[in-house]
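**Q** Take the sequence shown: its position 15, counting from 1, is numbered 14 in numbering that gives the first Met the number 0, and each next residue is one higher.
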Amino acid sequence: MWIASKNGFFSIVQHREDPEQVLVRARVKKDLAEIFPENRILHTPSADYHWRVYASKQELGELLLGQVAALDYPNFKGKIAEIPSQADKSEAYHRIWTVMHAYGRQLFDRKNVYQGCLLGGAIGDALGAPIEFMSFARIQDRYGAGGIRGYVEFAEGQGAFTDDTQMTLFTAEGLLRAQHRGMQRGIRGAEVTIVHHSYLRWLHTQGVPLKEMPAQGVYDPAGGWLLRRRAKATR
C-alpha cells in the first residue's frame, strides 16, 4: 500500500518472514526520520526505495492514527482556492505540477532504467550469488540485523563472473548487434533471433558445441567480441 502523508510518501509491504511485521519504505530518508528513530532506518541504495524501516503492524497502526489526528490542512486544491489572484493561482499550480512531472521523468528515465537492469543483472549476481537463495532472516543471522554491508564471500574470494553476469552481458551484446543491424540496413525484426544467437554463444562458453547456424553478418553464431573474453567462460 502507498501512503502520502504530511511527513512524506511511503510504500508499505508485508514482511516476508513475519506476518505481524511490515516494511515501511521511502525514497527520501527525511520522510522516515520524521516518524522513526534514526538508528532504525536502513539504507538500501540498490532498491527502488532507498530507505526502509521494519515495524510491527501495531506500531504502524498507532503511527497512522497519530498522523490522522495531526491533520491540519486541506488538499492542495483547497489551499490554492484561498489565493485571491488568478495569476498567483496559476503560478501555484504550475509549481506543483512541474515538481511532480520532473520527478516522474527522473524516476522513469529510460536510460536510467536500462542501466539499472544491466547493473542489477551483471553486478548484482557477481557480488551476491552465494546468498541469492537465502531468506532475509538467514541473511540477518549471518551478516547482522542491517543485512549485507559489504562484499559476500565466494569459495575463491570476493566477486565472480556468474551465470547471471555472463547472460546479462550476452543479452546486452545481442541487443546492441540487433540495434546496429537496424541502423546499418534500415530494417528491423530480427532482434529475437540475434539475441538468441548471443545466448548460443554463451552456451558455447559452457562447453556445448555450436550447432550449424546461418553464418552471415550478425547471424554468425561464432562471431562477436564477447565470445573471446576468457572470464565470460567461467562455469
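Idealized CB from N, CA, C, for every residue including glycine.
Counting C-beta neighbours from all protein chains within 10 Å, is the total for W1 16 or more, i.e. buried, or is it exposed?
**A** By the 10 Å Cβ count, W1 comes out exposed.
**Q** Would you check if the stretch 41 to 60 and the stretch 8 to 27 touch, i.e. whether three or more CB-CB distances between them fall below 8 Å?
**A** yes
**Q** Fully enclosed by the stretch 0 to 54, which beta strand (DSSP E) runs are 3 residues long or longer?
**A** 1 to 4, 7 to 13, 20 to 25
**Q** May I ask you to verify whether the stretch 129 to 143 touches the stretch 167 to 179, counting CB pairs closer than 8 Å and requiring at least 3?
**A** Counting C-beta pairs with one atom in each stretch, the stretch 129 to 143 and the stretch 167 to 179 have fewer than three that are closer than 8 Å, which means they do not touch.
**Q** What is the residue span of the alpha helix (DSSP H) that M182 lies within?
**A** 162 to 184
**Q** Going by the CB atoms, is the gap between V151 and H119 shorter than 8 Å?
**A** The question names His, but residue 119 is Gly in the sequence shown. It is not a contact, given that the beta carbons lie outside the stated cut-off.
**Q** Which residue wins for smallest C-alpha separation from Q165, given the options G143, E131, L117, F132?
**A** Nearest of G143, E131, L117, F132 to Q165, Cα basis: L117.
**Q** Distance, Cα to Cα, L209 vs L199?
**A** 7 Å
**Q** Between the alpha carbons of D30 and G145, how many angstroms are there, rounded?
**A** 19 Å
**Q** Near R148, which residues of its chain fall below 8 Å by C-beta distance, leaving aside the five closest residues on each side in sequence?
**A** Y142
**Q** Within the continuous alpha helix (DSSP H) that includes A68, where are the two ends?
**A** 56 to 68
**Q** Pull the bridge partners of E90 from the DSSP assignment, please.
**A** Partner(s): none; E90 has no beta bridge.
**Q** Please list, in chain order, all residues of the same chain as D163 whose beta carbon is under 7 Å from its beta carbon, the five residues on each side excluded.
**A** G120, D124
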